[in-house]
């Protein structure tokens, strides 16, 4: 583990520079840098400053509420939580999900991958890539992109819209829907929705291809930057289908080491706890997971598009598979480890999602067939899904009275905690060390964090400590809340 | 900054406090209309821009309730700077789902999650001064500042946000017709 910039020895003597809030990401994070008098970076940390408490207050709720409650962890990827919780509850109920229900869930999920990847690339990250990391702050956003590259912005907005419409058609609402239930689904796809989506899907596949091309053009235009910025060695983890294919809805866990060698393979989702442990650090509400057999220093890993595209053996749709091969070739026998390659891998996955949706829309099982089955009720279940940002783990125990007695969540962004901190330190060392810090230089740090597409709300389901006295006064100056902590 | 006919643009700031960003996603669910909006609006502080502090604005949209000292600070910054402040969505209006923790003891929760849970190594409750102080309850934003408008929903739809903003920017009293006024 790169811990050389994690904690400076003489912290009191150093000057603090803060990036707060980290912007154009989901959730609440900040970066602190400690610098010595020669402007050398001595410490760099990404702090997750938010707390939630979901894991605790889910306990005591009836199991059937859970898929609808937990999606409120995150408004960007609610479907991931909705489905991971449903999959865990399928296990609790011992219900083998019907063919129609699984296909409908897959459609919902790939709709979410499409919308989330489009959102992240076009709305959040593209300003850095199209204008430059040190470009004018006021223009460095989607409105600026719309003015300078109207067609790019339009396609981004419409790709996201299409993904959101897939979710609406399967979940009932674009955000925080109700379509998936423990044991199956509660609705089919309506014929009119199917027809409306089919009328658009060929455009979406085309525009997704164009997005992959755009990222490749950016890489070609500045290979020194794109191949080196925030480069780091890391293990990777994702679900992989039994035959080695990329599968974002279901599979078994596979780890590879930083050289690309398979370390662990075919671990069933129910056994995740035999692999992963979590470390707590006092300066972040987000935990630091690691592969138990390697320990915390060597066992941290990356998840998400960059991990998945290189962890699977192939992508089961032709256009995305051709792009995956080109991506792998780019590494010339080595795994691709550059931070900005996340964007390239993400757009390959967006193309895969568009192709998968196109194939699914031709399937009659979406329109009819059983949505729920019976099962042998148990008391525990794990649901794992590949969310847009990476592997998402939900684990519940449910009592005989149907109330949840234990809830453990390891969300995608949490897996990337150490990797993001390492990327921040790499970039700080390479680009900021010894220089007078400008807004544009500090944005380099955020560019590295953004590449991971962190979802910081998701990652902070725990509660934090209050070391001081705090009083909350209302608009009239009346104290409405007071907290004391030693 | 002005548009083509010389009218000053309406300056809008947005933030998410103790929320899930779902209301911001609904904002983006205005889809192509976003590009229309961008012709009459300019953005100040928002998760969509890199402006880190709110300056003088016409409209402030607040997602999420108030759960820590930083939320209080940001909310007051918005109130000071925004002529019209809007509570967007269930969490800003009544605390929403994060307020489910209000009946729990914070200390117990911390111990459960950071110390006692299976799979934790070197457990301990995070307590660095960089982490904002938590309130023991999640509060709706109107308990902390005066709020001018409330748009319900979890989240309100993109259509509702569009109707509200176009009314407000057009100088009309914002009115959400019955189908747009939803609480789910």
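Chains as they are written, first to last, in my numbering: chain A, 1136 to 1621; chain B, 26 to 209. All residues carry an ideal CB built from backbone N, CA and C; glycine is no exception.
Alpha carbons only, please: which of the options is nearest the one belonging to residue i?
i	options	result
residue 1151 (chain A)	A:1508, A:1167, A:1158	A:1167
residue 1373 (chain A)	A:1441, A:1180, A:1529	A:1441
residue 47 (chain B)	B:135, B:183, B:64, B:85	B:183
residue 106 (chain B)	B:115, B:164, B:195, B:69	B:69
residue 1263 (chain A)	B:74, B:199, B:39, B:113	B:74
residue 1395 (chain A)	A:1444, A:1148, A:1431	A:1444
residue 1499 (chain A)	A:1299, A:1427, A:1325, A:1212	A:1325
residue 1313 (chain A)	A:1328, A:1268, A:1240, A:1531	A:1240
residue 1472 (chain A)	A:1446, A:1431, A:1175, A:1268	A:1446
residue 153 (chain B)	A:1585, A:1417, A:1502, A:1497	A:1417
residue 59 (chain B)	A:1376, A:1340, A:1290	A:1290
residue 1562 (chain A)	A:1517, A:1181, A:1404	A:1181
residue 209 (chain B)	B:181, B:192, B:187, B:41	B:181
residue 1140 (chain A)	A:1465, A:1369, A:1302, A:1564	A:1564
residue 159 (chain B)	B:43, B:39, B:186	B:43
residue 205 (chain B)	B:176, B:191, B:196, B:198	B:176
residue 1261 (chain A)	A:1285, A:1242, A:1529	A:1285
residue 1235 (chain A)	A:1403, A:1153, A:1502, A:1453	A:1502
residue 84 (chain B)	B:157, B:200, B:190	B:190
residue 1172 (chain A)	A:1323, A:1568, A:1194	A:1568
residue 1365 (chain A)	A:1613, A:1404, A:1585, A:1142	A:1585
residue 1537 (chain A)	A:1496, A:1197, A:1515, A:1349	A:1197
residue 1351 (chain A)	A:1254, A:1463, A:1389	A:1463
residue 1427 (chain A)	A:1573, A:1495, A:1409	A:1409
residue 1508 (chain A)	A:1203, A:1232, A:1189	A:1232
residue 1266 (chain A)	A:1254, A:1283, A:1251	A:1283
Quick check: is the beta carbon of residue i nearer than 8 Å to any beta carbon in chain A?
i	result
residue 156 (chain B)	yes
residue 12 (chain B)	Nothing in the structure corresponds to residue 12 (chain B), since chain B is present only between 26 and 209.
residue 95 (chain B)	yes
residue 10 (chain B)	No statement about residue 10 (chain B) is possible, as the shown extent of chain B runs from 26 to 209 and does not include it.
residue 146 (chain B)	yes
residue 126 (chain B)	yes
residue 142 (chain B)	yes
residue 112 (chain B)	no
residue 90 (chain B)	no
residue 63 (chain B)	yes
residue 195 (chain B)	no
Against chain B, with Cβ distances strictly below 8 Å, would residue i count as a contact?
i	result
residue 1155 (chain A)	yes
residue 1428 (chain A)	no
residue 1142 (chain A)	no
residue 1598 (chain A)	Any reading at residue 1598 (chain A) needs caution, since the residue's pLDDT is 35, under 50, leaving its predicted position unreliable; the model's value is listed next. It does; some Cβ of chain B falls within 8 Å.
residue 1342 (chain A)	no
residue 1434 (chain A)	no
residue 1256 (chain A)	no
residue 1199 (chain A)	no
residue 1149 (chain A)	no
residue 1188 (chain A)	yes
residue 1277 (chain A)	yes
residue 1532 (chain A)	no
Which same chain residues, not among the five before or five after residue i, have their C-beta less than 6 Å away from its C-beta?
i	result
residue 1587 (chain A)	1551, 1555
residue 1480 (chain A)	1440, 1441, 1444
residue 1356 (chain A)	none
residue 1311 (chain A)	1206, 1213
residue 1269 (chain A)	1575
residue 155 (chain B)	none
residue 1482 (chain A)	1346, 1347, 1350
When the distance is taken between beta carbons, is residue j closer than 8 Å to residue i?
i	j	result
residue 169 (chain B)	residue 100 (chain B)	yes
residue 1492 (chain A)	residue 1249 (chain A)	yes
residue 1169 (chain A)	residue 1146 (chain A)	yes
residue 53 (chain B)	residue 1244 (chain A)	no
residue 1246 (chain A)	residue 1590 (chain A)	no
residue 1219 (chain A)	residue 1525 (chain A)	no
residue 104 (chain B)	residue 1191 (chain A)	no
residue 1369 (chain A)	residue 1425 (chain A)	no
residue 56 (chain B)	residue 1340 (chain A)	no
residue 21 (chain B)	residue 140 (chain B)	This structure does not reach residue 21 (chain B), given that chain B is present from 26 up to 209, and the question cannot be answered.
Spell out the partners DSSP gives residue i in its beta bridges.
i	result
residue 1521 (chain A)	A:1526
residue 1374 (chain A)	A:1388
Report all residues from its chain with a CB closer than 7 Å to the CB of residue i; omit the five preceding and five following residues, and keep chain order.
i	result
residue 65 (chain B)	28, 34, 35, 194
residue 1512 (chain A)	1228, 1229
residue 1210 (chain A)	1310
Apart from the five residues just before and just after residue i, which ones in its own chain have a Cβ nearer than 8 Å to its Cβ?
i	result
residue 1449 (chain A)	1379, 1380, 1381, 1456, 1459
residue 1397 (chain A)	1389, 1390, 1391
Hey, is residue i's beta-carbon within less than 8 Å of any beta-carbon in chain E?
i	result
residue 1204 (chain A)	Absent here is chain E; the protein component of the structure consists of chains A and B.
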